[in-house]
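Inspection log for the structure reproduced underneath, given as structure tokens.
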């Protein structure tokens with residue numbers, strides 16, 4: 001159990017377009033979802049934390065208007081990269097937890113590779 | 118703030134060799150510690166974890182012991198296989214704003230040759 005699915009797995013688009021990435025918990029309800037960004041040969045950097053029904057909490061340095069996060073239901077969160085540019089190219093990974101608080105394991109999706117031309 | 122430092126890779130070993138990947142951390146309080154594995158083109162999978170000092174996490178032949186005195190959580194495996202080739206991330210948990218967040222090290226790429 002605890003499967004998290006991301007879609008699409010790879011997307012290529014032109015500069016200036018907006019791209020939406022979906023993160024779904026397939027067999028559990030996710031109170032909290034996390035969005036990470038991973039640069040080549042680098043670690044995962046947390047971008048934002050979203051709790052179902054609340055606004056997302058963004059990490060310092062992450063532009064809220066650039067990376068729109070919606071946690072519409074207990075099984076779905078979306079990340080929209082608005083007006084994407086080549087520097088937004090990266091590997092985006094989501095994770096989901098059943099509950100908020102301590103010792104709640106995060107279950108990771110397989111990631112989305114975003115390439116902006 | 119909290120941070121994780123792990124040995125830089127890449128690490129290349131022959132099959133059946135002994136593996137150690139060092140990880141040290143800086144944290145206030147007593148975080149839980151984790152090792153995650155990332156296979157090519159995939160997301161992260163939890164490999165093992167330890168929630169308090171002197172705990173040993175183990176899975177698939179990998180082990181790591183939570184050492185509070187040295188603030189370390191080194192990953193070890195006695196005999197690696199080709200299928201262990203992946204990137205390994207050490208991480209700790211911290212609680213902010215009611216949510217538990219993970220802080221990751223930079224990752225260590227392991228390649229095991231037959």
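Residue numbers (the working numbering), protein chains in the order written: chain X, 1 to 117; chain A, 118 to 231. Just so you know, even glycine gets a beta-carbon here, dropped at the ideal spot from N, CA and C.
Asked                                                                                                                                                                                        : Found
Using the Cα positions of residue 209 of chain A and residue 123 of chain A, report the straight-line distance between them to the nearest angstrom.                                         : 12 Å
Quick one: any contact between the stretch 216–223 of chain A and the stretch 45–57 of chain X, if contact means 3 or more CB pairs under 8 Å?                                               : yes
Find the residues of chain X that neighbour residue 198 of chain A, judging by a C-beta separation of less than 9 Å, and give them in chain order.                                           : Residues of chain X passing the Cβ test: none, with the nearest at roughly 22 Å.
Roughly how many whole angstroms lie between the Cα atoms of residue 118 of chain A and residue 62 of chain X?                                                                               : 18 Å
Starting from residue 71 of chain X, trace the beta strand (DSSP E) in both directions and tell me its first and last residue.                                                               : 67–73
Between residue 15 of chain X and residue 117 of chain X, which are expected to be in contact by the criterion C-beta below 8 Å, what is the C-beta distance as a whole number of angstroms? : 6 Å
To which residues of the same chain is residue 222 of chain A closer than 8 Å at the C-beta, ignoring the five residues directly before and after it?                                        : 121, 122, 123, 140, 206, 207 and 208
DSSP on residue 200 of chain A, reduced to helix/strand/coil?                                                                                                                                : helix
Looking at the structure shown, is residue 180 of chain A part of a helix, part of a strand, or coil, going by DSSP?                                                                         : strand
Report the start-end ranges of each beta strand (DSSP E) in the stretch 123–198 of chain A that is 3 residues or longer and not cut off at the edges.                                        : 128–131, 136–138, 140–143, 150–155, 161–167, 173–176, 179–182 and 192–194
Does the Cβ-Cβ distance between residue 93 of chain X and residue 160 of chain A come in under 9 Å?                                                                                          : yes
Within 9 Å (strictly less), CB to CB, does residue 150 of chain A reach chain X?                                                                                                             : no
With 9 Å set as the bound, which would you pick, yes or no: does the beta-carbon of residue 17 of chain X sit closer than that to a beta-carbon of chain A?                                  : no
Can you pull the DSSP bridge partners for residue 212 of chain A?                                                                                                                            : A:217
Could you tell me whether the Cβ of residue 113 of chain X comes closer than 9 Å to any Cβ of chain A?                                                                                       : yes
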